[in-house]
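Enquirer: Quick one: this structure, given as structure tokens, is what I'll be asking you about.
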Amino acid sequence: MTTAPFAITSTTIVTGDHAGTVLPDHTIVVGDSGLIEAVGPTTSVVVAPEYARVDGTGKFVAPGLINAHAHLFSDGKPLSPILTNKKLEGPVSKFFHSPIGTVIAKRRTRTNVETQLHSGVTTIRSLGDVAYEVAAVRDEITAGKCPGPRVLASGPLLAVSGGHGAPVIALVSDNPWDARKNVRINLRNGVDVIKIAATGGVTDARTIGEAGRPQMTEEEMTAICDEAHRAGLVVAAHAESLAGVKAALRAGVDTIEHGSEMDNEIIDLFGDNPRALHGRSALVPTLMAALPLVKLDRADTGITPIVAANAEIVLDRIISAVHAAQKNGIRMGMGTDSSVTYVTHYNTWREIDYVIRYAGLSPATAFHAATGANAAILGIDDVTGSVSVGKSADLVLVDANPLDDLRTFTNPNMVVMAGTRIERPGVQRFDDLDAQLDSF
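Quick note: the sequence shown uses the numbering used here, first residue 39, plus one each step.
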């Protein structure tokens, strides 16, 4: 890694804006503060002689990707049946929360955030951690003790008894005051965001239709949102049904994760939500969490017929949510749900590809969701999300225009995180999983 001030010269900038603007023959100057000092046509940008030069001729620079929905406790290989066995959830939870489990979770987190960084992801929002290992790694990255992207950590998500994510990656409550108490516990442990399991999910479903079934009450979620918003934190809600999404939005959640079909009340609440932190809410769809489970043979994925059926139900709902958001001007970001089955930490580009091919977004809209739109949704657009003067130099140098070929992110030439250059990024790949994902 290199931290000296530098300039990327004579390159093409893929801005990541709504229109898909591309700026040929531009130069980007990055100071030793890690901020972008100048951006403009190469003929008009002066580069000081002491600045290193990176020749960008024939290459493309894009803003660093932002993954707004990540987990960091696993690598994306099919989850072991042990982890989803109802009879073993107590011992599994006990192990992961033991001293050795904490060490393992933290080590995995370090590895996985570095993998995402090397694949072009410069900001990660975790949404469901074993404990506070992601917050600890975030602090180590900030202190310069280990490499990594910008991390927004949630700590354990908030669930009800028997709810999605409980007990392994959740704090459990069954009334509004205990739900509020769990927010306070997470705040005390230094989290950046609060995550709610408003409905059932796919991976731990026990019956067909459980994914999306409302679990947390509107009153409980309202208490959570009130407590989190008083501290200035955004609240994300796992919600996969019309009823679940509606209750979460009424309660004031700021982002709906996954999503579902929408009615007029939901559409109105996305655009004008008086309980939300900033008066409006956004959608973060995650096709990667369900699409492989639907497209691939169960003999390969290892999932049960119940999980497969729930994945199909949820996938249809997520695609419906994307269509409704596009039609009604609802803010939309991008997240992968990394760590769950078939969602590796180096394949973020696939989520962008999926919303283009399976949900009908234009390449410009999909790429904007993963850059500038995500930055705005997470409240960090003054820091990152575009190649702009004064913003953090979070950049990816690639061989092709991502709007034409997203696979260019499989082998970036260089990743820049807050001005620090990773000049030969590389990741450990799972060739068998990639071959299966390439089949559809």
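For glycine and all other residues, C-beta sits at the position ideal for the given N, C-alpha and C.
(1) Below 8 Å on the Cβ atoms is my contact criterion, and I expect S211 with V198 to pass it. Report the Cβ-Cβ distance as a whole number of Å.
(2) Could you say which of T446, F447 and K429 lies nearest to A456 if we only look at CA atoms?
(3) Measuring straight from C-alpha to C-alpha, what distance separates E257 and R355?
(4) In three-state terms, what does DSSP make of D93?
(5) Kindly indicate which three-state DSSP category I394 falls into: helix, strand or coil?
(6) I'd like to know if A359 contacts chain C, where contact means its C-beta is closer than 8 Å to some C-beta of that chain.
(7) Quick one: using the 10 Å Cβ neighbour count with 16 as the cut-off for buried, is I138 buried or exposed?
(8) Note down, in chain order, each residue of its chain lying with its Cβ closer than 6 Å to the Cβ of T448, except the 5 sequence neighbours on either side.
(9) Who pairs with A181 in a beta bridge, going by DSSP?
(10) Around the Cβ of D93, are there at least 16 other Cβ atoms within 10 angstroms (buried) or fewer (exposed)?
(11) For the alpha helix (DSSP H) containing V130, name the first residue and the last one.
(12) Determine the closest residue to R91 out of A274, G203, I46 and I344, with distance taken between C-alpha atoms.
(13) Of the choices A208, Y170, V68 and V283, whose alpha-carbon is the least far from that of A236?
(14) Around the C-beta of V141, are 16 or more other C-beta atoms found within 10 angstroms, so that it is buried, or is it exposed?
(15) Less than 7 Å between C-beta atoms, sequence neighbours within five positions excluded: which residues of the same chain meet that for H156?
(16) Which whole-angstrom value is the C-beta distance of T160 and G102, which I expect to be below 8 Å?
(17) With DSSP run on the structure shown, which of helix, strand or coil describes N439?
(18) Less than 8 Å separating the beta-carbons of V345 and A261?
(19) From this set, A275, T95 and G78, which residue's C-alpha is nearest V436's C-alpha?
(20) Any chance you could list the alpha helix (DSSP H) runs of at least 4 consecutive residues sitting entirely within the stretch 198-233, in chain order?
(21) Specify, as a first and last residue, the run of the beta strand (DSSP E) that H267 falls within.
(22) State the beta-bridge partners of E75 as determined by DSSP.
(23) Select from V291, L315 and K233 the residue whose C-alpha is nearest the C-alpha of G270.
(24) Tell me, to the nearest whole angstrom, how far the beta carbon of V393 is from that of P323; I am working on the premise that it is less than 8 Å.
(25) Which partner residues of G238 appear in the DSSP bridge assignment?
(26) Would you mind working out which of S424, L441, F134 and L287 sits nearest D391, comparing C-alpha positions?
(27) Just mark G373 as buried or exposed, buried being the case when its beta carbon has 16 or more other beta carbons within 10 Å.
(28) Compare the Cα-Cα distances from S131 to each of V52, D470, N366 and V206 and report the closest residue.
(29) Hey, out of D432, G114 and V60, whose CA is closest to D469's CA?
(30) Determine the DSSP secondary structure at R459, reduced to helix, strand or coil.
(31) For D292, tell me which candidate among A204, I234, D338 and G239 has the shortest Cα-Cα distance.
Expert: Working from what's here:
(1) Start at 1 with the first residue of the sequence shown, and residue 211 comes out as number 173. Start at 1 with the first residue of the sequence shown, and residue 198 comes out as number 160. Sure, about 7 Å apart at Cβ, within 8 Å.
(2) For this step, residue 456 is matched to residue 418 along the sequence shown. The shortest C-alpha separation from A456 is found at K429.
(3) The residue labelled residue 257 in the question sits at position 219 within the sequence shown. The residue labelled residue 355 in the question sits at position 317 within the sequence shown. Approximately 25 Å, taken between the alpha carbons.
(4) If you number the sequence shown from 1, residue 93 lands on position 55. In this structure, D93 counts as strand in the three-state DSSP scheme.
(5) The count along the sequence shown starts at 1 and reaches residue 394 at position 356. Helix at I394.
(6) Chain labels in this structure do not include chain C; a single protein chain is all it has.
(7) Against the sequence shown, residue 138 aligns to sequence position 100. Exposed, since its Cβ has fewer than 16 Cβ neighbours within 10 Å.
(8) Indexing the sequence shown from 1 puts residue 448 at position 410. Excluding sequence neighbours, T448 sits near nothing in its chain.
(9) Taking the first residue of the sequence shown as 1, we reach residue 181 at position 143. DSSP output for A181 lists no bridge partner at all.
(10) For the purposes of this step, residue 93 is taken as the residue at position 55 of the sequence shown. Exposed.
(11) The residue given as residue 130 occupies position 92 in the sequence shown. E127 to F134 is the span of the alpha helix (DSSP H), which, as asked, contains V130.
(12) As a working note, residue 91 is residue 53 in the sequence shown. Of the candidates A274, G203, I46 and I344, the one whose C-alpha sits nearest the C-alpha of R91 is I46.
(13) Here residue 236 refers to the residue found at position 198 when the sequence shown is read from its first residue. Closest by alpha carbon: V283.
(14) By one-based count along the sequence shown, residue 141 stands at place 103. V141 should be labelled exposed.
(15) For the purposes of this step, residue 156 is taken as residue 118 along the sequence shown, with counting starting at 1. Excluding residues within five positions, the ones whose Cβ falls inside 7 Å are V453, I460, P463, G464 and V465.
(16) Start at 1 with the first residue of the sequence shown, and residue 160 comes out as number 122. Start at 1 with the first residue of the sequence shown, and residue 102 comes out as number 64. Confirmed, about 3 Å.
(17) As a first step, residue 439 is located in the sequence shown; it is residue number 401 there, counting from the start. Three-state result, N439: coil.
(18) For this step, residue 345 is matched to residue 307 along the sequence shown. For this step, residue 261 is matched to residue 223 along the sequence shown. Not in contact: V345 and A261 (Cβ atoms no closer than 8 Å).
(19) In the sequence shown, residue 436 corresponds to position 398, counting from 1. The residue with the shortest Cα to Cα distance from V436 is T95.
(20) 214-226
(21) If you number the sequence shown from 1, residue 267 lands on position 229. Per DSSP, H267 belongs to no beta strand (DSSP E); it is in the alpha helix (DSSP H), E256 to R268.
(22) As a position in the sequence shown, residue 75 is number 37, starting the count at 1. DSSP, once it has assigned bridges, lists no residue as partnering E75.
(23) Taking the first residue of the sequence shown as 1, we reach residue 270 at position 232. Of the candidates V291, L315 and K233, the one whose C-alpha sits nearest the C-alpha of G270 is L315.
(24) On the sequence shown, position 355 is the one that residue 393 refers to. On the sequence shown, position 285 is the one that residue 323 refers to. Contact flag correct, Cβ pair sits at about 7 Å.
(25) For this step, residue 238 is matched to residue 200 along the sequence shown. For G238, which the question treats as bridged, DSSP gives the partners A249.
(26) The residue given as residue 391 occupies position 353 in the sequence shown. It is L441 whose Cα lies nearest to the Cα of D391.
(27) Your numbering for residue 373 matches position 335 in the sequence shown. It is buried - the Cβ of G373 has at least 16 other Cβ atoms within 10 Å.
(28) Taking the first residue of the sequence shown as 1, we reach residue 131 at position 93. Considering only alpha carbons, the answer is V206.
(29) Walking along the sequence shown from the start, residue 469 turns up at place 431. The residue with the shortest Cα to Cα distance from D469 is G114.
(30) Taking the sequence shown and counting its residues from 1, one reaches residue 459 at position 421. Residue state, collapsed to three classes: strand.
(31) Stepping through the sequence shown from its first residue, residue 292 is reached at position 254. Looking at the Cα atoms, I234 is the closest of the given residues.
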